[in-house]
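Chemist:
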Amino acid sequence: MTQLRKYSFLGLTAIRSSFAYLGEQLFGLVFLGVILFIFLQLWRATFAGAGAVKLGDLSLGQMIWYLAIAEGVVMSRPKIASEVDQDVRSGSLSVQLLRPLEYPLAKLTSSFGERLVLFGLIAGTGCLLALIFVGTIPFSIKGLGSFLLVLPIALLLDTLGFLMVGLSAFWLEDTSGFTLIYSRMTMVLGGMLIPLELFPDFAKPIVEWLPFSSAVYAPARLFVCPNLELFWGVIVRQGLSLVVLGLIVFLLYRAGLKRIHSNGG
Amino acid sequence: MISRFQNYASLGASYFRLNLSAMLEYRAAFWSQVLAMFINDGVWVLFWSVFFSKFKIVGGWTANDVITVWAVTAAGVGLSGAFFGNAGQLPRLITQGQLDVWMLYPRSLLTHFILGRSSASASGDVLFGYIAFFALVHPNLERSLLFVLFTVSIMVLFTAFRIIAGSFAFFLGSASNLATALEFALISLSTYPSALFEGAAKFVTFTLLPAAFVGALPVEAIRDLNLEKTVLVLFGTLIFAALGVVVFYAGLKRYESGNLLEMRG
Numbered sequence: 005m006t007q008l009r010k011y012s013f014l015g016l017t018a019i020r021s022s023f024a025y026l027g028e029q030l031f032g033l034v035f036l037g038v039i040l041f042i043f044l045q046l047w048r049a050t051f052a053g054a055g056a057v058k059l060g061d062l063s064l065g066q067m068i069w070y071l072a073i074a075e076g077v078v079m080s081r082p083k084i085a086s087e088v089d090q091d092v093r094s095g096s097l098s099v100q101l102l103r104p105l106e107y108p109l110a111k112l113t114s115s116f117g118e119r120l121v122l123f124g125l126i127a128g129t130g131c132l133l134a135l136i137f138v139g140t141i142p143f144s145i146k147g148l149g150s151f152l153l154v155l156p157i158a159l160l161l162d163t164l165g166f167l168m169v170g171l172s173a174f175w176l177e178d179t180s181g182f183t184l185i186y187s188r189m190t191m192v193l194g195g196m197l198i199p200l201e202l203f204p205d206f207a208k209p210i211v212e213w214l215p216f217s218s219a220v221y222a223p224a225r226l227f228v229c230p231n232l233e234l235f236w237g238v239i240v241r242q243g244l245s246l247v248v249l250g251l252i253v254f255l256l257y258r259a260g261l262k263r264i265h266s267n268g269g
Numbered sequence: 189m190i191s192r193f194q195n196y197a198s199l200g201a202s203y204f205r206l207n208l209s210a211m212l213e214y215r216a217a218f219w220s221q222v223l224a225m226f227i228n229d230g231v232w233v234l235f236w237s238v239f240f241s242k243f244k245i246v247g248g249w250t251a252n253d254v255i256t257v258w259a260v261t262a263a264g265v266g267l268s269g270a271f272f273g274n275a276g277q278l279p280r281l282i283t284q285g286q287l288d289v290w291m292l293y294p295r296s297l298l299t300h301f302i303l304g305r306s307s308a309s310a311s312g313d314v315l316f317g318y319i320a321f322f323a324l325v326h327p328n329l330e331r332s333l334l335f336v337l338f339t340v341s342i343m344v345l346f347t348a349f350r351i352i353a354g355s356f357a358f359f360l361g362s363a364s365n366l367a368t369a370l371e372f373a374l375i376s377l378s379t380y381p382s383a384l385f386e387g388a389a390k391f392v393t394f395t396l397l398p399a400a401f402v403g404a405l406p407v408e409a410i411r412d413l414n415l416e417k418t419v420l421v422l423f424g425t426l427i428f429a430a431l432g433v434v435v436f437y438a439g440l441k442r443y444e445s446g447n448l449l450e451m452r453g
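Sequences listed follow chains A and B, in order. The first sequence begins at 5 in the working numbering and counts up by one. The second sequence begins at 189 in the working numbering and counts up by one.
(1) Give the interface partners of ILE68 of chain A over in chain B, defined as CB-CB distance under 7 Å, in chain order.
(2) Just curious, the alpha helix (DSSP H) that ARG93 of chain A is in, first and last residue?
(3) Checking contacts by CB at 7 Å: is VAL233 of chain B closer than that to chain A?
(4) Within 10 angstroms of its Cβ, does PHE13 of chain A collect 16 or more other Cβ (buried), or is it exposed?
(5) Is the CB of PHE349 of chain B under 7 Å away from at least one CB in chain A?
(6) Give the residues from the segment 298 to 332 of chain B that approach chain A closer than 7 Å (Cβ to any Cβ), ordered along the chain.
(7) Verify the CB distance criterion: does LEU384 of chain B have a CB-CB separation below 7 Å to chain A?
(8) Report yes or no: is there a C-beta of chain A within less than 7 Å of the C-beta of ALA224 of chain B?
(9) What residues from the segment 331 to 346 of chain B come within 9 Å of chain A, judged by C-beta to C-beta, listed N to C?
(10) Chain B partners of ILE185 of chain A, CB-CB under 7 Å?
(11) Which value, in whole angstroms, describes the spacing of the CA atoms of ARG215 of chain B and LYS58 of chain A?
(12) Strictly under 7 Å for the Cβ-Cβ distance: is PHE243 of chain B near chain A by that measure?
(13) Below 8 Å on C-beta distance, what does GLU1 of chain A contact in chain B?
(14) Is the separation between the beta-carbon of ILE351 of chain B and that of PHE271 of chain B shorter than 7 Å?
(15) Give, in chain order, every unbroken run of the alpha helix (DSSP H) that is at least 4 residues long and sits entirely within the segment 281 to 347 of chain B.
(16) What residue range is occupied by the uninterrupted alpha helix (DSSP H) comprising GLY55 of chain A?
(17) Opposite SER63 of chain A in the DSSP bridges: which residues?
(18) Is there a C-beta anywhere in chain A that falls below 7 Å from the one on SER378 of chain B?
(19) Closer than 9 Å, Cβ to Cβ, to anything on chain B: give me those residues from the segment 28 to 41 of chain A, in chain order.
(20) With respect to the alpha helix (DSSP H) encompassing ASP253 of chain B, which residues constitute its N-terminal and C-terminal limits?
(21) For the segment 195 to 209 of chain A and the segment 110 to 129 of chain A, state whether three or more C-beta atom pairs, one from each stretch, are separated by less than 8 Å.
(22) Just checking: is the beta-carbon of LEU206 of chain B within a distance shorter than 7 Å of some beta-carbon in chain A?
(23) Run through chain B and tell me which residues come within less than 8 Å of GLY282 of chain A, C-beta to C-beta.
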């Protein structure tokens, strides 16, 4: 119980700290506006070209709202990978180890706290832009409820993935390349650019079980087009991804600790 | 005039050699960044080629055009990062008052400053752009020459855009996030078919975010061997290059030193 309070406090501190620096993030919203406008034009042309009212069971309006949420998840990506990379390579990890905290858990909760605030800002602005671009879409209490249940796990899962990338600094000279590739996989395989329903038939069942889609596609899809079957499927896949990624992070950290050489000073 | 140009070209070549040597000190890190950027660009091209072949939405644009737009943009932006990489550091250095050291040299401040740094991942962009274009598009001699010309014009334009965006820091105090958002917005707008943008949006791509001179016009000029569009791209690039110089020196009058002690090797 004390452990839980300790890490919750770290998360809450990160949330409060993020509010203090929220102004710095406002300029990033310029990019969000541009990218949502591009997607609006792209999907307008796609719907018109296909002569369809719905693509992947989503209308044009639902597609733009879907993208607003998906962009929120991707653009709120934490800097946890580069922070862990720096801690490992600069040796400041040894200072962190003196604290009565498990380093990966401390980084995870603190990044998760920051991310909640950033996601709120980006997705909120994205939804406002979607409202201006295409108007409102049908929402339901059940749908919003399932979205709110799935969203924190999605953000946690994605943060855990980047923590895993950062921990590879124990073995790699530089992790920025790995971070870039991982973030592209999140965008493409996560369904940020197009929903999973529009993926080629052979790819969909594979992509569905990867953690990227549980982090990006799942909350966005449940937000715009909820259904109970999808919700339970997402919960199972998210649970499984959390266990697998959590185990990988645990093993990487344990193995990495053995490579630390402290020279004092 | 010519001897002055030769002098700065020689300085640029020396800086490039020095920066490359410095980056190759961390050989694994350098090559991992190059490889990661190459894969990153490749993923985008593959993704959008599949998308545009599935949805026939953009009048006149073929898979070859999608490859060309990514190749020419990646190579041009990459050349900018490889030769004028310091332009991306401009807002941070202005905010921290760290331009002083560059003012001590008997060289043109702006030209000397932007030559001072290279980005490792930019080399991956350049490699990708040239390999993708020549290996996948199979151009004839005229198209090959135009491609090379446009990668140079995009290098100049993108550098000028970075200088303008970075110079906002002279007026706003801090502009790193704004400059990054504007750079991403320009690159994003550049890599989509021009047919998606009409009216005010098209006007923006020729003015505030000059994506038309980076993506659409070069691609159409290469495809149709169009002299008019080639001249338009070069003219637009010159205008933005001049604007970059004017905005930088106008802002410089407001520069405040950080009074930091700094040495360059």
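Ideal Cβ placement from N, Cα and C applies to all residues, glycine included.
Modeler: From the atom records:
(1) Within chain B, no C-beta atom comes nearer than 7 Å to that of ILE68 of chain A; the closest sits roughly 14 Å away.
(2) Residues 84 to 94.
(3) Under the Cβ distance rule, VAL233 of chain B does not count among the residues neighbouring chain A, no pair being separated by less than 7 Å.
(4) exposed
(5) no
(6) none
(7) By the rule that beta-carbons nearer than 7 Å mark a contact, LEU384 of chain B touches chain A.
(8) yes
(9) none
(10) Here the neighbours are ALA224, ILE227 and ASN228.
(11) 50 Å
(12) yes
(13) Any question about residue 1 of chain A goes unanswered here, given that chain A covers just 5 to 269.
(14) Result no, Cβ atoms of ILE351 of chain B and PHE271 of chain B do not sit closer than 7 Å.
(15) With a minimum length of 4 residues, the unbroken runs of alpha helix (DSSP H) contained wholly in the segment 281 to 347 of chain B fall at 288 to 291, 297 to 303 and 308 to 320.
(16) Element bounds for GLY55 of chain A: n/a, residue is neither H nor E.
(17) A:LYS58
(18) no
(19) GLU28, GLN29, LEU30, PHE31, GLY32, LEU33, VAL34, PHE35, LEU36, GLY37, VAL38, ILE39 and PHE41
(20) 251 to 271
(21) Short answer: they don't touch.
(22) no
(23) With chain A covering 5 to 269 only, the question about residue 282 of chain A has no answer from this structure.
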